[in-house]
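Read in order, the letters of the sequence shown correspond to residues 3 to 245 in the working numbering.
All C-beta atoms in this analysis are idealised placements derived from N, C-alpha and C, irrespective of residue type, glycine included.
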Amino acid sequence: MVEPKILFQASLDVGRELLRSPASRQEPDAPPKRVPVMVPIRSLGPSHRERIAQHLLSLDPQDRYLRFGYVASDEQIRRYSDGLNFERDEIFGIYNRKLELIAMAHLAFSTEADSKSCAEFGVSVLRASRSRGYGARLFDRAMMHASNEGVDLMFIHALSENTAMIKIARNAGAVIERDGSETEAHLRLPPATLDSRMTEMLEEQLAQTDYRLKAQAKNFYALLASLQEMRQGVRGAREKPGR
Ligand SMILES: CC(C)(COP(=O)(O)OP(=O)(O)OC[C@H]1O[C@@H](n2cnc3c(N)ncnc32)[C@H](O)[C@@H]1OP(=O)(O)O)[C@@H](O)C(=O)NCCC(=O)NCCS
Numbered sequence: 003m004v005e006p007k008i009l010f011q012a013s014l015d016v017g018r019e020l021l022r023s024p025a026s027r028q029e030p031d032a033p034p035k036r037v038p039v040m041v042p043i044r045s046l047g048p049s050h051r052e053r054i055a056q057h058l059l060s061l062d063p064q065d066r067y068l069r070f071g072y073v074a075s076d077e078q079i080r081r082y083s084d085g086l087n088f089e090r091d092e093i094f095g096i097y098n099r100k101l102e103l104i105a106m107a108h109l110a111f112s113t114e115a116d117s118k119s120c121a122e123f124g125v126s127v128l129r130a131s132r133s134r135g136y137g138a139r140l141f142d143r144a145m146m147h148a149s150n151e152g153v154d155l156m157f158i159h160a161l162s163e164n165t166a167m168i169k170i171a172r173n174a175g176a177v178i179e180r181d182g183s184e185t186e187a188h189l190r191l192p193p194a195t196l197d198s199r200m201t202e203m204l205e206e207q208l209a210q211t212d213y214r215l216k217a218q219a220k221n222f223y224a225l226l227a228s229l230q231e232m233r234q235g236v237r238g239a240r241e242k243p244g245r
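What follows is the structure, given as structure tokens:
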């Protein structure tokens, strides 16, 4: 569980990062940075449906195969995102400064009477944002949420070639069972505690604040850019010969 002082430090880091000008920030193709102590992971609702679809549509065929177990077509991805049930399931996301959904996870709760306390985890991280720990952080968050919701068994279906996903599950203590090209992992979750509930609440608050700050910073820089454009237009008109 994340300690409050770490959460506080993380919120300071988020604020400090947003105050830096875009020019001084890391380039998208720069080598991966060390992951901050805490990654703001927020719960997504129906208003994020289109961005979820865009995130999944931007996965290449190999990633679609790893994520869904088959090479999902654009139409199948649309159907999947249109059918997401935000009331029953939990969808988590990580947004970058441009408010692009760079990573998301779907925790699907079982509706079967005899497996009510089970949930299944699925995740995807955009290629440019991999190996920064986002996949593992989403898994941790989903574990905490599932346990807080009374789930005691979490399942992960992965293709056996999916080393990264299997590593995430194994690192978290899951039992891995390989059956040819497919692997199933299951993880027994600890019961919820006051600490796990408080931590989840704090993490969600921090992620919502981070999202609002990113939205404000994005609007602010868009406004600055349009002012700059207007200034250049006026200067250009003044400098035209014959004036
Ligand atoms: C699986 C996936 C979510 C991992 O995301 P990620 O953010 O890159 O993963 P992390 O950075 O948290 O790494 C998790 C672990 O996997 C390891 N790992 C990451 N990429 C790896 C790779 N290509 N090969 C082997 N191990 C890898 C990391 O070293 C780390 O292990 P460690 O903590 O023991 O060092 C991402 O590769 C992905 O989106 N794949 C396509 C969709 C998919 O496969 N979904 C899972 C099926 S539901």
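Paired residues, beta bridge with residue i - DSSP
i	result
D65	Paired residues: none, contrary to the question.
D181	E184
A107	F94, V125
L140	The partner list for L140 (beta bridge, DSSP) is empty, contrary to what the question assumes.
L189	M156
Length of the line joining the Cα atoms of residue i and residue j
i	j	result
L59	K242	47 Å
S162	I178	10 Å
D62	N164	15 Å
A160	T185	5 Å
L128	D181	27 Å
R233	F222	17 Å
S183	D65	16 Å
L191	P48	28 Å
L103	A239	40 Å
F70	Y82	10 Å
A255	I43	An answer regarding residue 255 cannot be provided, because it is not within the stretch 3 to 245 covered by the chain.
L140	F94	7 Å
D142	L226	38 Å
F157	N173	14 Å
E89	L46	11 Å
Limits of the unbroken alpha helix (DSSP H) element including residue i
i	result
E52	51-59
G235	196-240
L79	Here residue 79 turns out to be Ile, not Leu, going by the sequence shown. I79 -> alpha helix (DSSP H) spans 76-84.
Buried versus exposed, by CB contacts within 10 Å (16 or more), residue i
i	result
P30	Here the model assigns P30 a pLDDT of 43, short of 50, so the residue's position is not dependable, and the following value carries that caveat. P30 is exposed by the Cβ-count criterion.
Y72	exposed
E205	buried
Q230	exposed
D116	exposed
A187	buried
A224	exposed
D84	exposed
V41	buried
CB contact below 8 Å: residue i versus chain B
i	result
G235	Here there is only one protein chain, and chain B is not present.
Where the beta strand (DSSP E) through residue i begins and ends
i	result
G95	92-97
R44	44-46
F157	155-161
Contacts around residue i, its chain only, beta-carbon distance under 6 Å, and the 5 residues preceding and following it disregarded
i	result
N150	A194, S198, R199, E202
R99	K216
G137	V125, V127, I170
R53	L103
H57	L103, M106
Same chain, Cβ closer than 7 Å to residue i, five either side skipped, listed in chain order
i	result
L109	D91, E92, A121, F123, A144, H147, A148
R80	A55
K118	S112
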